[in-house]
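Encoded as structure tokens, the structure appears first; notes follow it.
Numbering (mature numbering (1 follows the signal peptide of the UniProt record, and there is no 0)), first residue to last: -26 to -1, 1 to 84.
Shown next, in the form of structure tokens:
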């Protein structure tokens, strides 16, 4: 009889810890990264002004802190691949690199 009571008490404690931990995680994860001021559409328009006639191959939002709040885009125009970073707070281009696109469909950049 004593052992059963201990299991019930321990089980209730575990449930309380799990429920409380889940609520704490939800509270911290929902407020961790505010939405960017510049929308994805605005970032695409800015990048396409840098490379007119290009199409967007990839779009990612990087929000690792205030200084890295950036839209990262890869655009393709002809045989060139352009990597353009747009500041998600100001909408300004912070990086623009160009390289030849890989056209052999083997998944590598050689």
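C-beta: ideal position from N, C-alpha, C; glycine also.
Status (buried if at least 16 other CB within 10 Å, exposed otherwise) for residue i
i, result
"residue 61", "buried"
"residue -3", "In this prediction, residue -3 scores a pLDDT of 49, lower than 50, which makes its location untrustworthy; the coordinate-derived value is nonetheless stated afterwards. Residue -3 should be labelled exposed."
"residue 69", "exposed"
"residue 29", "exposed"
"residue 36", "exposed"
"residue 17", "buried"
Those residues which DSSP pairs with residue i across a bridge
i, result
"residue 43", "37"
"residue 72", "56"
Of the listed residues the options, nearest to residue i (C-alpha basis)
i, options, result
"residue 74", "65, 54 and 59", "54"
"residue 44", "27, 63, 26 and 31", "63"
"residue 59", "51, 50, 65 and 46", "46"
"residue 56", "22, 38 and 66", "22"
"residue 112", "72, 71 and 65", "Any property of residue 112 remains undetermined from this structure, which presents the chain solely from -26 to 84."
"residue 32", "48, 42 and 19", "48"
"residue 34", "10, 25 and 71", "10"
"residue 27", "15, 20, 19 and 51", "51"
"residue 38", "72, 71 and 8", "8"
For residue i, three-class secondary structure by DSSP
i, result
"residue 23", "helix"
"residue -3", "Confidence at residue -3 is low in this model, with a pLDDT of 49, below 50, so the placement of that residue is unreliable and no value is reported for it."
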